[in-house]
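Working notes, beginning with the structure itself.
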Amino acid sequence: GKVYKCHYPFDSPASCRGARYSPLYWRLKQQGAFFRDVGGYEMPDWFVSAIDGVSEPSNELTWGRPNWFQAWAAEHKACREGVVLMDMSFMSKFRVRGDGSGA
């Protein structure tokens, strides 16, 4: 466990990963997404960008700016100044009705 270990910002637990995928998961992965757990879903946190020299997704644990900060900043700016489509599948709720729906 991590009870007495250092808790870094952006540290994502490795246990129970891959339990849920959104319909866009594989397409986002092909685009270079680095995923983290959000409500049991694998959701993109940031994307690999050739601009900042990061060619492989990694989750460098640091107290300073991580190696993916420039890619994240460019994405953030593009969202503010342009148009973005965000996958919010982790916020979905389903109502199931009918015989046997409680099984």
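Residue numbers for the sequence shown follow the numbering used here, so the first one is 826 and each next one is one higher.
Just so you know, even glycine gets a beta-carbon here, dropped at the ideal spot from N, CA and C.
Under the three-state DSSP convention, the category residue i falls into
i: PHE835; result: coil
i: TYR866; result: strand
i: ARG922; result: coil
i: ARG845; result: strand
i: TRP871; result: strand
Residue range of the unbroken beta strand (DSSP E) whose run includes residue i
i: ARG861; result: 858-863
i: PHE894; result: Unbroken run through PHE894 is the alpha helix (DSSP H), 894-906; no beta strand (DSSP E).
CB contact flag (residue i, residue j, <8 Å)
i: MET868; j: ASP912; result: yes
The alpha helix (DSSP H) enclosing residue i, as first and last residue numbers
i: TYR829; result: Element bounds for TYR829: n/a, residue is neither H nor E.
i: ARG890; result: Per DSSP, ARG890 belongs to no alpha helix (DSSP H) and is neither H nor E.
Selected residue, minimal CA-CA separation from residue i, among the options
i: ALA896; options: CYS831, SER840, ALA844 and PHE859; result: PHE859
i: MET916; options: GLU906, GLY864 and PHE894; result: GLY864
Residue i: CB within 7 Å of a non-hydrogen atom of the ligand COA
i: ALA858; result: With respect to the ligand COA, the structure offers nothing, as it holds no ligand at all.
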